[in-house]
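Each remark here refers to the structure printed beneath this line.
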Amino acid sequence: MKRVAWLSLFLGSTSLAQTPDLAALEQAAQKRFAEWETQAKSLEERLARILPCDARSSAAIAEVRGLSDARLAALNDYMRAASAKAFAETAAARNLLSAEERRPIEAARERADAGQEQTAVDIQSDGLLQSINKRSSLQDAQKLLEQITALIRLRSAESERQADAAEKIVPMLRDLVAKFEARDVALQNESAAFEAERTRWSGYYSARQARAQTECSITQIGSPGLNPAAQPAKSPAKGKAK
Amino acid sequence: MKRSLSWFAGIWICGAAAALTGQTSREAYRQDYDAWREAHGNLERDAGSGGATLIPQVDRAAARVAAFGTNRAAYAKAAAQAAAQRRQILQAAATRPSPDLAPPALSAQVKSDLQTVTKTITRFADDKDRGIQQLRQSLERERDTLAALNEAIEARQKAVATTTAAANALEQARARTAETIAGDTSALSQNSVELEKETAAWAAYYEGLAMAIQIANAPPPPRVEITTVAPRNDTAPGIPRARYAGAWTYPTTNGSFHGAQPEFVDLVVHETNGHADGTLFARFKLSGTATDPLVRFDFQGDFATAALQRFPLVASDGTKGTIELIPGPAFNLLEVNFVVDPRQGKINVGNFILVKK
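So the protein lines, in turn, are chains L and Z.
By the working numbering, the letter at position 93 of the first sequence is numbered 205, and the numbering carries on one by one without gaps.
By the working numbering, the letter at position 325 of the second sequence is numbered 873, and the numbering carries on one by one without gaps.
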């Protein structure tokens, strides 16, 4: 059992150590976006200067599509990490609320304890006052007992104040947990929206590639076998070299 | 009273050990409380007439309250630490995804492409050429995908805006809650400190009670210096031996001294049947003509009934001298005076106040 516990502890610490760095993922997503944006913006302009059946035409679309896929993959990584972190926060907030909801009960017990101790000390004090009449040397002890009484009173007041504070904190935490949960729902919807957009981008680039092939094929009517745009593109540089 | 301190220390250590092993539940310290109250009984009422027979009961009550206090403070400390740990979630801003990863310009680009494709389709609408019709069909498929993409982008932008609004509302609530709860976290961490003060106060109370019972109503002894000629097994009322016996040390901060300044002092005093023996080991800051900072000597003799106890001492090199032990203003303080026959480069006089370990 000990080994299992240690292993769990080790795995737990390992998984914590492997928590993705959100800032690094955001930076990577921004970089992929910039790379894609540059090529995507100039795509139509570049295609307009290339003959329909030039292999560079298909290659240019494939390249932008690859950059788009890379961008959306980086964004997906970022969203997944952000969601994981957000859900962990919400779990911690729920845990906090659960503990704080128990605090007023604990504070009430402490107040009851302090009351019981106060009563006991009062009885001690009465007994000591009676004994001082017979033994004056007990006066110093009586002073010490008075100090203890004062300390218990302070503690009792403090525990009452803390119970009041706990009563105020719980509704705030309930509202906070609700907001954590609302944020998580929004985040889930955002992730789903990104995923839907990702599919649409893929569909668009397929349609754009199909149009390029159509443009080539209609210019090649009567010249069978000449349809380079329909062939898998190698690279713009190689196409240019040909 | 000799047994009082050893009992007290023993129970204190047991309490601390229990706290360290995690046995700091509320039930555990409440059991300690019940045991303490039971041991305490009616000490105050009995103190008026009772004698030395009450001392063992004082010892037991002191030990019980020490265990109770230690466990309760440990429980409060652990509870405060756990609460502070849980509340850490409120200290940092909640995660919010960056809204800049898919800027609005992206939507504009897609809309622009959609318009271009739509215009081209319109331009080819009436063209009967088979190739152009094929191209138009291809453009129509592209237009449909662009329209769907544009819709997806708008839906995503709305989702991002919703997340941003939710994250803003969350952040405001978090900051507000963190501010409200900060004072309470600080107060919780003070609980154990206050409880430790209470525990110390109870220890002082029981010591005071024991002293009061021991000295009864006898007038205070005259403050005359009595040497070690007092008979053994002296049972005359006076300052309890516990005010001298035990392990003492020089405080690391704000120590009181006169003459040579101690860097550290360890003093151990044993008491057996009214007989004292002890050892002092000290190091002083060098000043004047002294070149050896260390002082070590043993002493022994019988306790006197006076507050001031004086014993002959023998230093480690055989030199002789005298040490005086004077109870301090608090139970855990002891003033020490020593004089050793002068030797070349050695410290031969010291006066300082020690605290009980």
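Here a beta-carbon is modelled for each residue, glycine too, at the ideal position from N, C-alpha and C.
No experiment lies behind these values; they were computed from the predicted model shown.
Z:G617 to L:R267 span [Cα, whole Å]: 14 Å
If you pair each beta-carbon of the region 666-674 of chain Z with each one of the region 641-651 of chain Z, do three or more pairs fall below 8 Å? no
Unbroken alpha helix (DSSP H) runs of length 4 or more, entirely within the region 640-684 of chain Z: which are they? 653-671
Any contact between the region 323-332 of chain L and the region 190-204 of chain L? By contact I mean 3 or more CB pairs, one from each, below 8 Å. no
Near L:A182, which residues of its chain fall below 6 Å by C-beta distance, leaving aside the five closest residues on each side in sequence? R144
Spatially closest choice to Z:F829 from Z:E811, Z:T839, Z:G836, by CA coordinates: Z:E811
Count the other CB atoms within 10 Å of the CB of Z:I901; is the residue buried (16 or more) or exposed (fewer)? buried
Using the Cα positions of L:S210 and L:T202, report the straight-line distance between them to the nearest angstrom. 12 Å
Would you identify the three-state DSSP class for Z:K833, choosing helix, strand or coil? coil
Identify whether L:I235 lies in helix, strand or coil by the three-state DSSP scheme. helix
Sort out for me which residues DSSP pairs Z:E883 with in a bridge. Z:I874, Z:I901
Pick out whichever of L:R295, L:D296, L:A277 has its Cα sitting closest to the Cα of Z:T725. L:A277
Under 8 Å between C-beta atoms, does Z:L694 make it to chain L? yes
Meets three-Cβ-pair contact criterion under 8 Å: the region 598-607 of chain Z and the region 719-736 of chain Z: no
Which residues does DSSP list as the beta-bridge partners of Z:E819? Z:A824
Report yes if the C-beta distance between Z:L662 and L:R312 is below 8 Å; otherwise report no. no
Excluding five sequence neighbours on each side, which residues of the same chain lie with their C-beta closer than 8 Å to the C-beta of L:I244? L250, Q251, Q254
Note down the Cα distance separating Z:P652 from L:Y190, rounded to an integer number of angstroms. 19 Å
Taking 7 Å as the line, does the beta carbon of Z:Q633 fall inside it for any heavy atom of the ligand MN? Although the ligand MN was asked about, the structure shown includes no ligands whatsoever.
Could you name the residues that DSSP lists as bridge partners for Z:D846? Z:T827, Z:V862
Quick one: is Z:N716 buried, meaning 16 or more other Cβ sit within 10 Å of its Cβ, or exposed? exposed
Residues of the region 302-331 of chain L with a CB closer than 7 Å to any CB of chain Z: list them in chain order, please. E302, A305, F306, A308, E309, R312, W313, G315, Y316, A319, R320, A322, R323, T326, E327, I330
At 7 Å on the CB atoms, spell out the chain Z contacts of L:D252, in chain order. G756, A760
Might you give, ordered along the chain, the residues of its own chain that have their beta carbon closer than 7 Å to the beta carbon of L:L187, omitting 5 neighbours on each side? A141, F306
From the DSSP output, read off the bridge partner residues of Z:W796. Z:L815, Z:K904
Please work out which residues of its chain come closer than 8 Å, Cβ to Cβ, to Z:L881, disregarding the five sequence neighbours upstream and downstream, and give them in chain order. P875, I901, L902, V903, K904
Nearest residue (CA-CA) to Z:I763, options Z:G589, Z:S597, Z:S573: Z:S597
According to DSSP, which residues form a beta bridge with Z:P810? Z:F832
Sheet register partners of Z:D840 (DSSP bridge): Z:K894
So for L:Q300, helix, strand or coil by DSSP? helix
Where Z:Q857 sits in the DSSP three-state scheme: strand
L:L179 at chain Z interface by Cβ criterion, 8 Å: no
What's the C-alpha gap between L:A136 and L:A205? 25 Å
Is there a Cβ from chain L that is less than 8 Å from the Cβ of Z:W750? yes
For L:E201 and chain Z, any beta-carbon pair shorter than 8 Å? yes
Rounding to the nearest angstrom, what Cα-Cα distance links Z:A614 and Z:V813 in this structure? 27 Å
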